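Protein chains: 2
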Amino acid sequence: MEKKLIVDVCLSPHLYPVYHKDDHIVVVIDILRATSAMCTAFEHGVDKMIPVASVEEATEYKNQGFLVGAERNGIALEGFDFGNSPYSYMTDAIKGQTIVISTTNGTQAIEAARNAYKIVIGAFTNISALCDWLQTQDRNVLLLCSGWKNRFNLEDSLFAGAVAERLSAGGLFRTGDAALAVSSLYSQAKTNPYKFLHNSSHAERLAAMGLKADIKYCLQVDRTKVIPVLDGKHLIKLS
Amino acid sequence: MEKKLIVDVCLSPHLYPVYHKDDHIVVVIDILRATSAMCTAFEHGVDKMIPVASVEEATEYKNQGFLVGAERNGIALEGFDFGNSPYSYMTDAIKGQTIVISTTNGTQAIEAARNAYKIVIGAFTNISALCDWLQTQDRNVLLLCSGWKNRFNLEDSLFAGAVAERLSAGGLFRTGDAALAVSSLYSQAKTNPYKFLHNSSHAERLAAMGLKADIKYCLQVDRTKVIPVLDGKHLIKLS
């Protein structure tokens, strides 16, 4: 069977315009921690999330009475309801709610790809559900790594490699150059991603903040079957 | 000994502004084939090269009587003296000459980094000379991959991985996230880079043009000790 679909990887939101095509599905990836936290929030019953790029927008929503998560440089901003730790979303208080979220990298990546055909949210915590769904869509897939302030990062690339490997193994997809590279990275790291990421500048940064539990959580696979998808300005549960 | 210097990788010229620092040495990389061809030209006695980003500038120089190499999309442009095949520079006709060169990716990368502290040219063909020199400079190093039209490519990343591995092994440098990733890529590919690159979109493109000999040449290590360095608008031999 000819592999007619392509899975490729865009390693920084800043590169998105170079990779944009009108018809591909974009998977936004911010493993530590925005997209992991989004999956957790939907798993715990949030109804909608509104990703916004700037703290100003987040503040505006907060003033309107919304629940708002806001994080910059790994730290939850004061005056808001959540940061981007998945643990902060494991509460009944979010059930049925709409939560606005703005983070250092993840929500910037969503913003960069806003004109894509479809944007879904990927994390190790929903990887199987995500890959199974992607394989039924008959669309090219672009894995968009949020990185760190538009720089390459290791944890998002690793996840992109995990997805590329699964899609390639599924027989429908061939890999672009970047997807091939991160697959290779993933194949070296997969026996112990936590140890591998120990070398990562961002993991180091988070560990220094005492967030090792967050990192371990974000590297767990298949905690949920939820796939958040962007619908206008809202993230909702893919049905 | 503390590793105080950093080697990192910028995977696309479009990302250069995100990685720019005032004081690092930038190694411009376009393995297939611009930077390989530049090393060859200097090895064969060219005096200076003038890298220019646009075909218009190249044409202007041509009209002024300069020898000019111009390539777009893998093909030597008509009306110029050279393309970017290293073989075209293996001639006594270039001895002592100044050659203007404009290519799809490599000269764009030089343009993107033009305000760097220092720009040198890297290729497998000068890798040992380059790494030895970098280890004497006491400067952070940024490996700038030219990629393909601002997209990630496999061959430039592979070379960046080879350099990052050597510098890291030398004991003076620690690796940034992207350098760590391409080192991992290189360690998987190094037993047979040609075979590994067979999967690369650009290698496929060149092979389809009948340029397998070029690819094989460009993957040979240490054909020369020359390191081209940018001095104002000219590339000259680092002395």
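These protein sequence lines are chains D and C, in that order.
Numbered as in our numbering, the first sequence ends at 239 without a single skipped number.
Numbered as in our numbering, the second sequence ends at 239 without a single skipped number.
Glycine is no exception: its CB is placed at the ideal position from the N, C-alpha and C atoms.
Just so you know, these numbers come straight off a predicted model, no measurement behind them.
For residue i, does the three-state DSSP call read helix, strand or coil?
| i | result |
| --- | --- |
| K212 (chain C) | helix |
| F152 (chain C) | coil |
| R174 (chain C) | strand |
| D132 (chain C) | helix |
| K233 (chain D) | coil |
| L185 (chain C) | helix |
| V163 (chain C) | helix |
| L11 (chain D) | coil |
| V27 (chain D) | strand |
| I227 (chain D) | coil |
| V141 (chain C) | strand |
| H202 (chain D) | helix |
| T35 (chain C) | helix |
| T191 (chain C) | coil |
| S146 (chain C) | coil |
| S157 (chain D) | helix |
| V221 (chain D) | coil |
| L180 (chain D) | helix |
| L238 (chain C) | coil |
Taking C-alpha atoms, which residue in the options lies nearest to residue i?
| i | options | result |
| --- | --- | --- |
| Q188 (chain D) | D:R72, D:E43, D:I127, D:E165 | D:E165 |
| A178 (chain D) | D:L143, D:Y194, D:G79, D:D47 | D:L143 |
| N192 (chain C) | C:A109, C:D138, C:D47, C:V221 | C:V221 |
| S263 (chain C) | C:G232, C:I215, C:L238, C:K237 | For chain C, the structure presents residues 1 to 239; residue 263 (chain C) sits outside this window and is missing. |
| D138 (chain D) | D:K212, D:L154, D:R174, D:P86 | D:R174 |
| K190 (chain C) | C:H20, C:I110, C:V163, C:A213 | C:V163 |
| L185 (chain D) | D:A76, D:L154, D:L172, D:N84 | D:L154 |
| H234 (chain D) | D:I29, D:A129, D:T98 | D:T98 |
| A129 (chain C) | C:D231, C:T136, C:N63, C:K225 | C:K225 |
| H240 (chain C) | C:A208, C:Y217, C:K95, C:R223 | The structure shown does not extend to residue 240 (chain C), since chain C spans only 1 to 239, so no value can be given for it. |
| S157 (chain C) | C:S168, C:L167, C:K118, C:L197 | C:L197 |
| Q135 (chain D) | D:M49, D:G171, D:I29 | D:G171 |
| E204 (chain C) | C:V120, C:N73, C:S102 | C:N73 |
| G161 (chain C) | C:G232, C:R151, C:C145 | C:C145 |
| N126 (chain D) | D:T91, D:A208, D:P17, D:P228 | D:P228 |
| K149 (chain C) | C:L211, C:V7, C:Y194, C:Q108 | C:Q108 |
| V28 (chain C) | C:S88, C:E71, C:C10 | C:C10 |
| D8 (chain D) | D:S54, D:F159, D:G106, D:M209 | D:F159 |
| Y217 (chain C) | C:G106, C:S85, C:I110, C:S183 | C:S85 |
| S88 (chain D) | D:A169, D:I6, D:T104, D:V68 | D:V68 |
| M90 (chain C) | C:V55, C:M38, C:S12, C:G79 | C:M38 |
| L5 (chain C) | C:G210, C:A116, C:L167 | C:L167 |
| A123 (chain D) | D:G232, D:Y19, D:T40 | D:T40 |
| G147 (chain C) | C:K3, C:T59, C:T103 | C:T103 |
| I50 (chain C) | C:L238, C:I110, C:K212 | C:I110 |
| S201 (chain C) | C:D23, C:A76, C:K237, C:L32 | C:L32 |
| G65 (chain C) | C:P17, C:A76, C:L238, C:V100 | C:V100 |
| D241 (chain C) | C:V182, C:F82, C:I121, C:L180 | Given that chain C is displayed from residue 1 to residue 239, the structure contains no residue 241 (chain C) and the question cannot be resolved. |
Could you pull the DSSP bridge partners for residue i from this structure?
| i | result |
| --- | --- |
| R122 (chain C) | Before going on, a small fix: residue 122 (chain C) reads as Gly here, not Arg. Note: G122 (chain C) sits in a beta bridge opposite C:I29. |
| I6 (chain C) | C:R174 |
Identify every run of the alpha helix (DSSP H) within the region 44-118 of chain D, keeping only runs that are complete inside it and at least 4 residues long; order them along the chain.
55-63, 106-112
Of the residues that make up the region 184-201 of chain D, which ones have a beta carbon closer than 8 Å to any beta carbon in chain C?
S184, L185, S187, Q188, A189, N199, S200, S201
Could you list the residues in the region 8-21 of chain C with a C-beta less than 8 Å from some C-beta on chain D, going in chain order?
V9, L11, S12, H14, L15, V18, Y19
Members of the region 105-128 of chain C that neighbour chain D once the beta carbon cut-off is set at 7 Å:
none
Contact residues within the region 149-166 of chain D, judged by C-beta distance below 8 Å to chain C:
K149, N150, R151, F152, N153, L154, S157
So if I threshold CB-CB distances at 7 Å, which residues from the region 170-182 of chain D count as touching chain C?
G176, D177, A178, L180, A181
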